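Okay, so here's the structure we're looking at.
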Amino acid sequence: MSALSHLGGAPPAAGPPAAAEPERRTGRRRLTAYLLLLPGGLWLVLFFVVPLVTLLSASLYDPSGSVETGYTVTWHWQNYVDALRDYARPFGRSFVYALVATAICLLLGYPLAYAIAFKAGRWKNLMLALVIAPFFTSFLIRTLSWKLLLGDNGFVVDVLQALRILGPDGRLLATTAAVVTGLTYNFLPFMVLPLYASLERIDHRLIEAGGDLFAGPFTTFRTVTLPLSMPGVVAGTLLTFIPAAGDYINAQLLGTPKQRMIGNDIQSLFAAGVYPTAAALSVTLMAAIVVLVLFYVRRTGTEDLV
Amino acid sequence: MTRFGRWIGSHLVLFVAFGVLLYLFAPIFVVVLMSFNEPKSRLAYQFDGFTLDNWLHPCQPFGLCESVSTSLRVGLLATAVATVLGTLMAFAMVRHRYRGRSASNLFIFLPMASPEIVLGASLLALFVSAGAGGQLGFWTIFIAHVMFCLSFVVVTVKARLSGMDLRLEQAAMDLYANEWQTFWRITFPQVFPGILAAALLSFSLSFDDFIITNLNAGRTVTFPMYVWGSAQRDIPPQINVIGTAMFLLAVLLVLGAELARRRRRVRA
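So the sequences go chain by chain: A and B.
Residue numbers for the first sequence, in the numbering used here: 11 to 316.
Residue numbers for the second sequence, in the numbering used here: 2 to 269.
Following this line, the structure appears as structure tokens:
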């Protein structure tokens with residue numbers, strides 16, 4: 011029972027009624043909790059849980075149906091076999107792209123989060139605001155800007171060609187590099203913010219102790235700072251990997267059909283009304299992510315993410 | 002190590018950080034620049050010349066301002082509902098003991114850990130199987146947006162609530178304030194910044210959402226959907242005007258909040 015309800019309770023008195031009083035109040039407070047949870051919980055049950063169940067049943071529809079004639083659930087597990095056979099490549103691509111983008115996000119995001127937490131001083135709030143600020147320009151518009159930046163006559167290609175990293179006919183737009191750049195860019199703030207939150211919490215005295223014990227800056231980082239920031243690393247990589255694996259906007263705007271990700275296929279199958287296959291692919295994506303996340307969280311040993 | 006080498010060493014992380022910030026801002030510069038673009042050809046997306054026309058006539062492309070207004074209406078309504086429902090849930094989860102408390106924590110986390118395409122697809126499956134496939138539009142978008150904003154509101158308000166000093170409330174009660182007075186005079190003003198942050202976050206999530214909305218919008222067009230549609234044909238520079246304006250608005254809000262905070266601190 012919280013301190014608030016202790017104080018709000020009836021003044022202590024002798025006799026049996028006093029013993030009954032806290033019991034009744036606990037019951038009332040528990041009821042209050044459920045009442046507070048009810049509207050939001052109901053919304054989530056109706057529009058998150060029930061839809062997932064519907065999606066599951068849609069993935070077992072008889073594939074010979076259509077939107078016009080209606081579908082029936084026939085426990086057609088073959089949908090999964092067919093979907094996985096036909097869409098193995100975009101699936102693999104999604105996971106590889108998301109993995110690479112997550113790794114780059116970690117490499118770029120860690121120094122930024124570290125600088126904000128330990129080096130920014132009075133500019134801390136400003137730098138944090140700068141990390142969040144790009145969010146406010148619609149992310150579709152920002153992705154379109156990358157199309158311009160990475161374009162054949164764009165600044166980035168010119169520089170890379172001058173440095174001979176890219177051949178004279180080399181291009182960036184419509185390549186895997188462009189799609190991964192876009193994914194990295196779009197989900198970088200999701201990496202930086204949890205990293206910052208966990209770095210910020212580290213007791214500075216622990217880092218100073220590392221120096222006092224004659225550890226070099228690198229050893230101190232490796233044995234003190236990095237392990238203490240692991241919860242942030244886990245949260246950040248998950249928050250980057252999950253949306254990146256399901257994304258189709260970067261592949262569509264910056265890539266070609268050769269870079270198609272599983273999101274592209276799910277979206278276009280739903281748009282075409284091919285529900286059983288689309289639903290089977292969605293369920294598989296969700297299941298794959300859940301399995302990966304559980305495995306990853308178990309391995310890294312940080313169970314309290316929330 | 003030389004002195005110069007050591008200076009580089011201790012500032013290296015700052016240089017990298019500035020580089021990454023530059024990376025984050027590169028597209029913003031393009032958006033601002035392109036908002037002044039006077040396109041010569043409808044085929045190439047590039048800067049052709051400077052003009053103020055786009056800023057003077059932002060509503061010129063057909064349907065653009067209607068889509069912005071749809072997004073604003075959905076965003077405000079979904080934010081209002083999600084903020085109220087989410088705040089109630091956060092209070093229950095931080096301030097109350099009840100059976101299934103840790104289960105409810107996990108339950109709140111799940112929508113945030115699901116890929117958007119799965120959230121959107123499952124809602125579409127629900128709407129279609131409920132026979133509402135023909136009625137996709139404003140209200141189905143609204144339902145979807147409240148759903149995915151809720152978790153973010155709960156998490157944000159919870160963070161604020163669990164960092165609060167309970168002794169202030171105890172003090173109020175000691176001074177004979179009743180529960181109602183304590184809540185409105187002490188608790189609520191302290192939680193309010195958290196609620197405000199949650200509302201801002203949820204509005205920006207709603208205004209920016211594309212993947213879930215695109216599956217459940219029917220014929221209704223939100224601003225991101227308008228951008229998507231125009232990316233397949235030609236991109237009117239007015240889109241960048243809206244993008245720049247949103248960005249400036251957000252920057253002004255942040256600066257205003259920071260200034261207010263500093264002024265309060267000076268006075269205190």
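Cβ atoms here follow ideal geometry from the backbone N, Cα and C, with glycine treated the same way.
Values in this document were obtained by computation on a predicted structure and should not be read as measured data.
- Return the CA-CA distance between A/G226 and A/G220, expressed in angstroms with no decimal places. CA-to-CA, the gap between A/G226 and A/G220 works out to about 8 Å.
- Query: Three-state secondary structure (DSSP) at B/Y177?
  - Reply: Residue state, collapsed to three classes: coil.
- Task: Compute the Euclidean distance between the alpha carbons of B/T214 and B/S70, then round it to the nearest angstrom.
- Result: C-alpha separation (whole angstroms): 15 Å.
- Starting from the C-beta of A/V189, find all residues in its chain whose C-beta is less than 7 Å away, skip the five residues before and the five after it, and write them out in chain order. Non-local beta-carbon contacts of A/V189 in its own chain, meaning distances under 7 Å to residues more than five positions away in sequence, involve Y107, N260, A261, L264, G265 and Q269 in chain order.
- For A/N135, which residues does DSSP report across the bridge? As computed with DSSP, A/N135 is found in no beta bridge at all.
- Hey, out of B/L256, B/F208 and B/F153, whose CA is closest to B/F108's CA? Of the candidates B/L256, B/F208 and B/F153, B/F153 places its Cα closest to the Cα of B/F108.
- Are the Cβ atoms of B/A81 and A/L248 separated by less than 8 Å? For the 8 Å CB-CB criterion, B/A81 and A/L248 do not form a contact.
- Item | Partner residues on chain D for A/K129, Cβ-Cβ distance less than 9 Å | Absence of chain D from the displayed structure is noted, the protein chains being A and B.
- Identify every run of the beta strand (DSSP E) within the stretch 103 to 189 of chain A, keeping only runs that are complete inside it and at least 3 residues long; order them along the chain. DSSP runs (the beta strand (DSSP E)) wholly in the stretch 103 to 189 of chain A: none.
- Beta carbon of A/L65 nearer than 8 Å to that of B/A131: Not in contact: A/L65 and B/A131 (Cβ atoms no closer than 8 Å).
- Give the straight-line distance between the Cα atoms of B/F51 and B/Q239, rounded to the nearest whole angstrom. About 13 Å.
- Members of the stretch 82 to 95 of chain A near chain B, C-beta cut-off 8 Å: Listed in sequence order: no entries.
- Per DSSP, which residues does A/V83 bridge with? Please list them. Partner(s): A/Y71.
- Message: Measuring straight from C-alpha to C-alpha, what distance separates B/V242 and B/N55?
- Response: Looking at the two C-alpha atoms, the distance is approximately 7 Å.
- Query: Which residue's Cα is closest to the Cα of A/L116: A/M201, A/D168, A/S69 and A/A297?
  - Reply: In this structure, A/M201 is the residue among A/M201, A/D168, A/S69 and A/A297 with its C-alpha nearest to the C-alpha of A/L116.
- B/V95 and B/K41 look like a contact to me (Cβ under 8 Å); what is the Cβ gap, rounded to whole Å? Cβ-Cβ separation between B/V95 and B/K41: approximately 58 Å, too far for a contact (criterion under 8 Å).
- Query: If we ignore side chains and look at the alpha-carbon of each, how far apart do B/G195 and B/F19 end up?
  - Reply: About 29 Å.
- A/P26 at chain B interface by Cβ criterion, 8 Å: The predicted model places A/P26 with a pLDDT of 40, which falls under 50 and marks its position as unreliable, so this point remains unresolved.
- B/A126 versus A/A68 - alpha carbon distance: Rounded to whole angstroms, the gap between the alpha carbons of B/A126 and A/A68 is 7 Å.
- Query: Helix or strand or just coil, what does DSSP make of A/F224?
  - Reply: In this structure, A/F224 counts as coil in the three-state DSSP scheme.
- Query: Residues of chain A with a CB under 8 Å from the CB of B/G164: which are they?
  - Reply: The premise fails here: B/G164 is roughly 12 Å from chain A at the closest Cβ pair, so nothing lies under 8 Å.
- Following the continuous alpha helix (DSSP H) through B/W229, name the residue where it begins and the one where it ends. Boundaries of the alpha helix (DSSP H) harbouring B/W229: F224 to Q233, taken from the DSSP string.
- Can you list the residues of chain B that A/M296 reaches, using a CB-CB cut of under 8 Å? Chain order gives the chain B residues near A/M296 as S115, P116 and V119, where near means a beta carbon separation below 8 Å.
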